[in-house]
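One line per chain: the protein sequences are A and B, in this order.
Note that my numbering has the first sequence beginning at 27, numbered continuously upward.
Note that my numbering has the second sequence beginning at 100, numbered continuously upward.
Ideal Cβ placement from N, Cα and C applies to all residues, glycine included.
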Amino acid sequence: MAWAKKLLRVNLAKGEVASEPLNMEWAGEYIGQRGLATRYLVAETDPKCDPLGADNKMIFATGPLTGTAVSTGGRYSVITKSPLTGAVACSNSGGFLGAELKSAGWDMIIFEGKSPKPVMLRIVNERAELVDAADLWGKSVWETDKLIHDKYQDAQIRIAAVGRAAESGCLYSAIINDLHRAAGRSGVGAVMASKNLKAVAVRGSRGVGGVKDPARFMKSVAEQKKVLAENPVTGKGLPALGTQVLMNVVNEIGALPANNMRDVQFDGASKISGEAMLEPRPGDGKPNLTTNAACFGCTIACGRISTIDKNHFSVENKPEYWGNSGGLEYEAAWAMGADTGVSDMDAITYTNFICNEDGMDPISFGATVAAAMELFELGAITTKQTGGVELKFGSAEALTWCADQVATGQGFGKELGLGSKRLCEKYGHPELSMTVKGQEFPAYDPRGIQGMGLTYATSNRGACHLRSYTVASEVLGIPEKTDPLVTDGKAGLVKAFQDATAAVDSLGICVFTTFAWTLDNIAPQVDAACDGEWSVDRLLEAGERIWNLERDYNMKAGISGADDKLPERLLKEAAKTGPAKGKVNGLEKMLPEYYKLRGWTKDGQLTDKVRKQFALPA
Amino acid sequence: MQRSLYIDADKCTGCLQCEMACSFENEGVFNPAKSRIKVFNFHQEGRFVPYTCTQCDEAWCMAACPVDAITMNRETGAMEVSDATCVGCKVCTIACPFGTINYNQDSGKVIKCDLCGGDPECAKACPTEAITYVDADATGLDKMRAWAEKTDNAAKAAH
C-alpha cells in the first residue's frame with residue numbers, strides 16, 4: 027500500500043466530482059506525484075492544447091510516502107501544461123496540504139474543463155464538493171485562507187489558493203498552500219485561475235496507513251532521520267540559515283548572477299544573506315528571522331519565519347504586514363535582491379510576503395523585474411510605461427512598487443506579469459531575457475558553475491535548478507566534488523541528477539533530503555512502505571522513464587532540441603570577476619554528450635529504442 | 100522513578116513528527132487528526148507549541164468519570180482510559196480544564212495521552228528535543244540551569 031489507491035476526478039465544466047481507482051500498473055512504473063501525474067496528463071490531454079484553455083487539465087498529486095512518517099514526507103506537486111513555457115509544468119510544494127489530502131484518502135485530484143463561475147473544491151475525507159466562490163474571487167490568498175477558515179469554523183482545514191496575480195493572468199503566478207508554501211514555478215496558478223478554481227480546502231482525518239512492513243518501515247525511518255540530523259547541511263546549515271546558507275558561498279565562487287546576469291558577483295550579497303537575517307536590525311533591534319520552521323514531517327526545517335521592520339518604508343502604516351510570515355529563501359532573495367541589484371533586506375522580505383500573499387513565483391518575478399530594469403536603463407522602457415517610477419537597478423522602491431503592481435494586476439504590472447521573455451520581446455530586446463524555454467533562471471550562474479548550464483538548457487520545465495542540482499557536486503562536494511569551472515563529466519552528472527531527482531519528486535519527499543541521502547538511503551524506506559520490491563535500480567529506472575516521458579510530452583507540444591539553449595549573454599559575455607573570470611558557459615561541449623548518454627538522436631529527439639526500453643506510451 | 104513529558108516550545112519547528120508517532124502507536128495509521136499530542140502554530144507570532152496531557156495527580160477527568168474508566172498507572176503516573184469500561188459519555192472532556200482528553204468518533208471512546216506505557220513515542224520521534232521524557236521531579240531543571248547561568252554575575256564580572 028502506502029498509496030491510497032484512489033483519485034478524485036473533478037469536472038469543473040459540469041460541476042461534478044467522482045472517485046476512481048488509481049492506475050496501480052502505472053504507479054508501478056511511474057511511482058506517484060510527478061511521474062504518475064505526468065502519465066495521466068499524457069494519457070488524457072493533447073500536448074498541443076492551449077494551457078489556459080478548457081482542454082488543459084491540472085493535477086494535484088501526492089506520492090506514496092506523502093503523509094507517512096518518512097522525513098519530509100508531506101509533498102505534493104501540481105502537474106499541467108505551462109502557460110509560461112508551453113512545456114510540462116510540475117511544481118512541487120511542501121507545507122501541510124499534501125499530507126492532508128492523503129489523509130483524506132486521495133492520492134491525487136484531476137481537474138478538467140473550466141467552471142462557468144468561480145468555485146472552490148471542498149474535501150472532507152471521502153466527501154468532495156464544488157462550492158460557489160464568488161465571495162473569494164478578487165481576494166488575495168491570505169484573505170481567501172482566512173475567509174474559508176472563518177466560514178467553516180475549522181482551524182484544521184488546509185488550503186491551497188490562487189491570488190489576484192493569477193486572476194489577472196500573471197504567467198508566473200503560483201498556487202500557494204498553507205499561506206506561504208508554493209507550487210511556485212511555471213505559472214500553475216494561472217492555469218488554476220483559468221479554470222475559475224479559486225481554492226482547494228481539505229480536511230482529512232482518515233490517516234495514512236497500510237504500509238507494507240510497519241516495523242521495518244519505522245526502523246528505517248528512524249535510521250534515516252538520524253542520517254539527516256548528523257549531516258552538516260541537513261542537520262546544521264539548513265536549519266540554522268535555511269537555503270540562504272548559500273548566498274555568501276555562491277557569491278564567493280563567482281556564480282551569483284547580478285543585475286540581470288550581467289555580473290556574477292554582487293556587492294550587496296552579505297546584506298541579504300542567511301547570516302544577515304540573524305543580525306539585529308538598526309530600526310527595531312530585532313533580527314529578520316524569528317524562527318526556523320518545518321513542512322509536514324520534515325526533520326530538517328529549513329523554512330524561514332520572518333518579520334519586516336515596522337519602520338521600513340514598504341510597510342509604513344500597513345500593520346497587516348507587521349506580523350510573522352514566510353521569510354526569504356535563497357532563490358527568492360537572489361532574484362529579488364542580487365538580480366535587481368537591491369540589497370535592502372526589509373524590501374525583499376516585503377516583496378517575498380507579497381509573492382506569498384498573492385501567489386507569484388519570486389524567481390520569475392525578480393528576474394522579470396531585473397530584465398525590465400535593464401530595458402529601462404537602455405531607454406526601451408521609460409517612465410511613460412511605469413507612470414513615473416524610475417526602474418533603476420538597486421532601487422528598493424522600484425522593486426516594491428513592481429511587486430504591488432503584479433500582485434494586483436494593475437498598470438505596468440500586467441506587462442511584468444507576462445514574464446521576462448515576452449516583456450523583452452515586446453520592447454525589442456529578446457536577448458535581454460535570461461530564460462530557457464520561456465522560464466526565468468534561478469540563482470546559479472552557469473559561467474561559474476558549468477554543469478548548471480546544461481541543467482538549465484535541458485530541464486523539462488525550462489530554466490530550473492531543481493531538475494538536476496549539480497551545485498551539490500560542483501560547489502558542496504555532494505556526493506563527490508567536481509570542478510565547477512570545467513565541462514568534462516558534466517553530461518553524465520546532469521543525467522544522473524535528473525534521473526534520481528525525478529524519482530525523489532515522485533515519492534512524496536523533499537529533494538533537500540538528497541544533501542544527505544542518496545537513493546541507497548531512500549530505497550529501503552520505499553521498499554518497506556510500498557507494494558512490490560523497490561531497489562535503487564528500480565527507482566533510477568523509474569526516474570529515467572519519467573524524464574523521457576516529460577521530454578516526449580514537450581516534443582509533442584512542439585518543443586525541440588533547438589530549444590535546449592542558453593541566452594547569448596551566458597555563452598558570449600565572459601564573467602567579469604571572481605574565480606570564473608573570463609569564462610562563458612560551455613554548453614556546446616556538454617550537450618552532444620548528454621544527448622548520447624540519453625540515447626537520443628543528435629538533435630535531441632527520442633529514439634524508438636528508448637521508447638521501447640521504457641515502454642513509453644505511443 | 101516517574102517521568103514526565105517536558106515540552107520546550109522554543110525548540111519546536113512544527114514538523115508534526117510527534118503527532119505521526121503518537122497516532123501510529125495508538126491507531127496504527129499516520130494521522131495527526133487522531134494524535135493525543137497536538138502542535139499549535141501561532142502564525143503571527145512565529146511560534147510552534149506542542150501541547151498534551153500533563154497527567155494531573157488529582158485528575159479532573161478521573162474524578163468526573165461516572166464509570167471509573169480512568170485510573171492511574173502507578174508505575175508511570177499516567178492516567179489511563181480503559182476502553183472496555185469507557186461508555187463514551189464525554190463528561191471527562193468537559194471536566195478537563197486543558198482540553199487534552201478527547202472523544203474519538205471512530206471508536207466511541209475517549210482518548211488521551213497514556214505516556215505509551217512509559218516509553219512515549221512522541222519524545223522519541225521529535226527531531227529537536229522540543230519534547231523530552233525526564234525525571235518527573237525535575238522538569239524545571241533546564242530552565243533553572245538557564246536562569247542560573249543568566250544570574251551568575253560572578254562569571255560575567257570575570258569577563
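Please list the partners that residue i has in chain B, where partner means a Cβ-to-Cβ separation under 9 Å.
i	result
K251(A)	Q116, A224 and P226
A302(A)	Correct list: empty, because the minimum Cβ distance to chain B is about 18 Å.
Classify residue i as helix, strand or coil using the three-state DSSP reduction.
i	result
A600(A)	coil
E301(A)	coil
Q431(A)	helix
I201(A)	strand
M616(A)	helix
L444(A)	coil
M287(A)	coil
S231(A)	coil
A498(A)	helix
R493(A)	coil
E383(A)	helix
N125(B)	helix
P456(A)	helix
M146(A)	strand
C135(B)	Here residue 135(B) is Arg; the residue named in the question, Cys, does not match the sequence. Three-state DSSP puts R135(B) in coil, outside helix and strand.
P149(B)	strand
By the criterion of Cβ-Cβ separation under 8 Å, what are the contact partners of residue i in chain A?
i	result
M119(B)	T94, A95 and G323
K133(B)	S231 and G233
Can you name the start and end residues of the alpha helix (DSSP H) that residue i belongs to?
i	result
T484(A)	Q476 to T484
L67(A)	Q59 to E70
Y356(A)	Y356 to M362
G54(A)	M50 to Y56
T170(A)	V167 to Y178
P550(A)	L545 to A555
Tell me which residues share the same chain as residue i and place their Cβ nearer than 6 Å to its Cβ, disregarding the 5 neighbours each side in the sequence.
i	result
T484(A)	D590
P645(A)	Given that chain A is displayed from residue 27 to residue 644, the structure contains no residue 645(A) and the question cannot be resolved.
G159(A)	Checking the sequence, you will find Ala at residue 159(A) rather than Gly. Counting only Cβ-Cβ distances below 6 Å, and skipping sequence neighbours, we find P144, V145, M146 and K224.
L67(A)	I105
Over the uninterrupted beta strand (DSSP E) stretch that includes residue i, give me the two end residues.
i	result
S117(A)	V114 to S119
K249(B)	First-last for K249(B): L240 to T250, but that is the alpha helix (DSSP H), not the beta strand (DSSP E).
L315(A)	L315 to A319
T170(B)	I169 to M171
T106(A)	Y102 to K107
E46(A)	E42 to P47
Mind checking whether residue i and residue j have CB atoms under 8 Å apart?
i	j	result
A554(A)	K238(A)	yes
F264(A)	T325(A)	Checking the sequence shown, residue 264(A) turns out to be Leu, not Phe. No, these two residues do not count as a Cβ contact at 8 Å.
Q631(A)	T111(A)	no
V520(A)	L565(A)	no
L62(A)	E46(A)	no
C490(A)	R211(A)	yes
A433(A)	M399(A)	no
L205(A)	N382(A)	yes
P149(B)	I230(B)	yes
F122(A)	G89(A)	no
V501(A)	V275(A)	yes
V530(A)	I548(A)	yes
T260(A)	A542(A)	yes
A517(A)	G569(A)	no
Quick one: is the Cβ of residue i within less than 7 Å of any heavy atom of the ligand MG?
i	result
L596(A)	What this structure holds is no ligand at all, so the ligand MG is not there to describe.
Starting from the C-beta of residue i, find all residues in its chain whose C-beta is less than 8 Å away, skip the five residues before and the five after it, and write them out in chain order.
i	result
E228(B)	D107 and K110
Y347(A)	I334, S340, V341, Y376 and F379
Applying a beta-carbon distance threshold of less than 9 Å, which residues of chain A neighbour residue i?
i	result
G217(B)	None at all; the shortest Cβ gap to chain A is about 19 Å.
Can you give me the Cβ contacts of residue i inside the same chain, cut-off strictly under 7 Å, excluding the 5 residues immediately before and after it?
i	result
D234(B)	M100 and R102
P196(B)	W159
K217(B)	A quick correction: the sequence has Gly, not Lys, at residue 217(B). Cβ neighbours of G217(B) beyond the five flanking positions: E174 and T175.
D72(A)	D81
A168(B)	V180, S181, T184 and C185
Identify the contact partners of residue i in chain A, using a Cβ-Cβ distance below 7 Å as the criterion.
i	result
S122(B)	G233
V128(B)	G233, V234 and G235
Q143(B)	G349 and N350
G113(B)	A319 and A320
Residues of chain B with CB closer than 7 Å to the CB of residue i, please, in chain order.
i	result
I331(A)	G145
L354(A)	Here the premise fails: no neighbours, minimum Cβ distance about 14 Å.
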